[in-house]
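Residue numbers (UniProt numbering), protein chains in the order written: chain F, 1 to 237; chain X, 1 to 179; chain U, 1 to 222.
We put the CB at the ideal spot given by N, CA and C, even for glycine.
Please read all numbers here as calculations on a predicted model, not as lab measurements.
For reference, the structure is listed below as structure tokens.
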Amino acid sequence: MALPLPPGLTPPEIAFICEMELVTIIPRQRLEGLELLGGPLKPLNPPQRASIPLWLALLLKRQRRANIVPPPWLSPDSLSAILKYETEIDAFSPPPRLPPLPSGTSLVFSPPFLPGSTADATADALPYHWLELGSMLLEAAPEDFDDANEVRKLLRGLREARMAKLRQGVEVLDAGGGVKMNGVGGMEVGEARTFITGVVDGLRKIGKSREEARKERDRENGYSPSQDFDDDEMDMR
Amino acid sequence: MSSYYDVDAILTDAQKVPCTFELTVPGLGFLEGNMSGPMKSGSKVELPLWLGEMLALSQNMGTNTSLVSLDHPTALSHRVLNALKADARTVDLRSLAPHFYNLGARILELFEEEEMIEILSDAFKSRAAVIADQAHNPRGALGEGADFMRGLDENERQLFRASHDSAKAVRTWMTDLKK
Amino acid sequence: MDIDDLLAEVSVDSISQETRDLQELTRSWVAERVAPEILPWPSDLMERVLDRIRRQIELVEDQTGNMDPKTNFKLIVIQTELERFKFLVRSFLRARLKKIDAHPLHILARHAASATDLLPLLSPAEHQYLTSHQALLTSHYASSFLSQFPASLQRMDDTTGGISMVDKPDEDAAVFVRVLRDVGEVAVEGTDKRLEMKRGDVWVVRWSTMRGWVASGDLELI
Numbered sequence: 001m002a003l004p005l006p007p008g009l010t011p012p013e014i015a016f017i018c019e020m021e022l023v024t025i026i027p028r029q030r031l032e033g034l035e036l037l038g039g040p041l042k043p044l045n046p047p048q049r050a051s052i053p054l055w056l057a058l059l060l061k062r063q064r065r066a067n068i069v070p071p072p073w074l075s076p077d078s079l080s081a082i083l084k085y086e087t088e089i090d091a092f093s094p095p096p097r098l099p100p101l102p103s104g105t106s107l108v109f110s111p112p113f114l115p116g117s118t119a120d121a122t123a124d125a126l127p128y129h130w131l132e133l134g135s136m137l138l139e140a141a142p143e144d145f146d147d148a149n150e151v152r153k154l155l156r157g158l159r160e161a162r163m164a165k166l167r168q169g170v171e172v173l174d175a176g177g178g179v180k181m182n183g184v185g186g187m188e189v190g191e192a193r194t195f196i197t198g199v200v201d202g203l204r205k206i207g208k209s210r211e212e213a214r215k216e217r218d219r220e221n222g223y224s225p226s227q228d229f230d231d232d233e234m235d236m237r
Numbered sequence: 001m002s003s004y005y006d007v008d009a010i011l012t013d014a015q016k017v018p019c020t021f022e023l024t025v026p027g028l029g030f031l032e033g034n035m036s037g038p039m040k041s042g043s044k045v046e047l048p049l050w051l052g053e054m055l056a057l058s059q060n061m062g063t064n065t066s067l068v069s070l071d072h073p074t075a076l077s078h079r080v081l082n083a084l085k086a087d088a089r090t091v092d093l094r095s096l097a098p099h100f101y102n103l104g105a106r107i108l109e110l111f112e113e114e115e116m117i118e119i120l121s122d123a124f125k126s127r128a129a130v131i132a133d134q135a136h137n138p139r140g141a142l143g144e145g146a147d148f149m150r151g152l153d154e155n156e157r158q159l160f161r162a163s164h165d166s167a168k169a170v171r172t173w174m175t176d177l178k179k
Numbered sequence: 001m002d003i004d005d006l007l008a009e010v011s012v013d014s015i016s017q018e019t020r021d022l023q024e025l026t027r028s029w030v031a032e033r034v035a036p037e038i039l040p041w042p043s044d045l046m047e048r049v050l051d052r053i054r055r056q057i058e059l060v061e062d063q064t065g066n067m068d069p070k071t072n073f074k075l076i077v078i079q080t081e082l083e084r085f086k087f088l089v090r091s092f093l094r095a096r097l098k099k100i101d102a103h104p105l106h107i108l109a110r111h112a113a114s115a116t117d118l119l120p121l122l123s124p125a126e127h128q129y130l131t132s133h134q135a136l137l138t139s140h141y142a143s144s145f146l147s148q149f150p151a152s153l154q155r156m157d158d159t160t161g162g163i164s165m166v167d168k169p170d171e172d173a174a175v176f177v178r179v180l181r182d183v184g185e186v187a188v189e190g191t192d193k194r195l196e197m198k199r200g201d202v203w204v205v206r207w208s209t210m211r212g213w214v215a216s217g218d219l220e221l222i
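Here you go:
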């Protein structure tokens, strides 16, 4: 049965992805190691901290088998500093520093598979899934925060400041696409996707005749766009 | 080229454009209500875009004259383009043409007009910014924004609906978390 | 490179095959949900994932009925994760089915052209679904209305009049991409745009310009 959803990701799907983020817990009960489909889970030995996927942390938390250690960026001090940046500067606050690139052509990891939300994550940058992760932790484990209300308030402020930037960004959109949006978050992409791609696609259609003429000219001049893909085995029509 | 089953493209092509016959054509008089007579050279008639285009592109055997010459539809007249340049947000596009931008794009396939591309693109952008605000503030669409919303063309309506729905989906997810 | 980087690099290479596959499956699922056209079927990945799911289901069936509370909780964890994987795989397959249903003839032609590629476009099951579904539709169209049309108007893949009846997706549609490895300067055909795409960047760009780099793993859709 074909999927009845439009292209793009729904908020529950984005949250589902975010639930694969690793978070740090303090177990209150032992749990033997498990061979899970997504990789081995090390044994949990209280009170030794452990990093496990968010979905499992939420499950353990609900059953009072563990407490969650919120990531350092999810604290009033860090969030206030980032909020200050977001209100003063036009661009999004810079995302966390990336780990070094694996050698050669091996698989490159990206969120939710980078440790952006464990207890030893960086304190001064919002990771890709900041809003979803923050909201879920605040709902499931408010008592694990020093000041859940303050954190909640700051998250709301950040969300508003950043959504306003996204909406005002129409001015820089153009028909060729090619808009850089570094630092944007997962739920923000989910919320702004239809609008931003709708404007870019609309502009492209208005300017289509000019583009076609230009493509024809370029072809006559023997120019072809740079297509130096690593893998040209694929069918690239 | 748009897709075969695209209803919006079909509706766009059904919009009328002013055409002037350059030659007298026997038997075509019915297009202007002259049931059995010829279509006289110099007659002006409003024809659906698809038909006007076909006649304009078909050249009379042996000569270089087209059967018909096309003009800009009223929706894309100088007056409208000037109003868009002045303040695009106050123009009621829907009453001009329900598929205003699609019509513009089709006309631009037939006439090379750099300036019209710029005017339409700028209009679309400045109106999109208002659409984004309205979509995130549903009450605005009812109050002072109501006139603006009524004047949206079909593409703009779709843009509004899509942004409104995604904003709502995020709000719903946030409320559901609390359950 | 400082010691942190060295340690991080070691840890990246020590990540289990299972976790790598989950990263790849998640990436493929998101890409399929977001891209305007269907992407090549990741056959090796899907074979490994489906095989693991099968074994995990057997394990759960074996262990249910075991009343020991400790084992019981382990089973809850395993089953919760199993359901997550089943969701991922299901949603991935259904997103592909939606595209196959929307543009069957276009996809059939692309699949035929990809038959000798490293990765054919469709899985054998998808190809079978597409051809049997098309056969059913064709006979249904024929018996309900097409046969009453003049012979010259019966085709469903006509291209006369400058417009093809074979519908295809808008390949220039804008998408959100994340740069995984430096790509360098990218030219958008038909425009003056030159984009300098660096690792970690997020861009909104038309799909047709990006698909080669998504296929090679230098970019991912988000």
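- Neighbours of U:D167 in chain X, taken as residues at a C-beta separation under 7 angstroms, are given in chain order as S3, Y4, Y5.
- Among the residues facing chain U, F:R159 is not included, as its CB has no counterpart in that chain under 8 angstroms away.
- In the structure shown, the three-state DSSP call for X:L177 is helix.
- Annotation: F:Y128 to F:G186 spans about 6 angstroms, alpha carbon to alpha carbon.
- Assignment of beta-bridge partners to F:I52 by DSSP yields F:V23.
- Counting of Cβ neighbours within 10 angstroms places U:L137 among the exposed residues, the total staying below 16.
- Contiguous alpha helix (DSSP H) elements confined to the region 12-40 of chain U occur at 17-34, taking only those with 4 or more residues.
- The three-state reading of DSSP puts U:V188 in coil, since its state is none of H, G, I, E or B.
- The C-beta distance from F:E171 to X:K125 rounds to 7 angstroms, short enough to fall under 8 angstroms.
- When CB distances to chain U are screened at a threshold of 9 angstroms, the residues of the region 158-184 of chain F falling below it are L173, D174, A175, G176, G177, G178, V179, K180, M181, N182, G183, V184, in chain order.
- Comparing alpha-carbon positions, the option among X:V130, X:A146, X:L93 lying closest to X:L120 turns out to be X:L93.
- The beta carbon of U:A31 is closer than 8 angstroms to those of L39, V214, E220, L221 in its chain, skipping five residues each way along the sequence.
- The Cβ-Cβ distance between F:A125 and F:W73 falls below 8 angstroms.
- Listed in chain order, the non-local C-beta contacts of F:R159 below 7 angstroms within the same chain comprise L131, local neighbours out to five positions each way being set aside.
- At least 8 angstroms separates the CB of F:D90 from every CB of chain U.
- Within its own chain, the residues whose Cβ lies closer than 8 angstroms to the Cβ of U:L108, once the five positions on either side in sequence are excluded, are L130, T131, Q134, listed in chain order.
- In this structure, the alpha-carbon of X:A9 lies about 16 angstroms from that of X:R157.
- Within its own chain, the residues whose Cβ lies closer than 6 angstroms to the Cβ of U:F85, once the five positions on either side in sequence are excluded, are I53, listed in chain order.
- A buried status is given to F:P95, since no fewer than 16 other beta-carbon atoms sit within 10 Å of its beta-carbon.
- For X:N155, the number of other beta carbons within 10 angstroms of its own is at least 16, and it is reported as buried.
- If you draw a straight line from the Cα of X:H99 to the Cα of F:K215, it is about 26 angstroms long.
- Put simply, of F:W55, F:F109, F:K61, F:A175 the residue whose alpha carbon is nearest the alpha carbon of F:E143 is F:K61.
- Close to X:V80, with beta-carbon spacing below 7 angstroms, lies no residue of chain F; the smallest spacing is near 15 angstroms.
- Cβ contact annotation for U:S14 (same chain, cutoff 8 angstroms, sequence separation greater than five): none.
- Rounded to the nearest angstrom, the gap between the Cα atoms of F:P115 and F:R162 is 23 angstroms.
- Taken through DSSP and simplified to helix, strand or coil, F:I68 comes out as strand.
- Listed in chain order, the non-local C-beta contacts of X:V68 below 7 angstroms within the same chain comprise C19, T20, F21, E22, G52, L55, A56, local neighbours out to five positions each way being set aside.
- Listed along the chain, the chain F residues whose CB falls inside 7 angstroms of the CB of U:I222 are V189.
- F:I68 is classed as buried because its beta carbon has at least 16 other beta carbons within 10 Å across all chains shown.
- By the C-beta density criterion, X:N102 is buried, having at least 16 other C-beta atoms within 10 angstroms.
- Between U:S28 and chain X, the shortest Cβ-Cβ separation is not below 8 angstroms.
- When DSSP states are grouped into helix, strand and coil, F:G202 belongs to the helix group.
- Between the C-alpha atoms of F:D201 and U:L195 there is a straight-line separation of about 18 angstroms.
- Taking 8 angstroms as the upper bound for CB-CB distance, X:L47 and X:L31 are in contact here, some 7 angstroms apart.
- Here U:D21 has L45, R48, V49 as same chain residues with Cβ atoms under 7 angstroms from its own Cβ, once five neighbours each way along the sequence are excluded.
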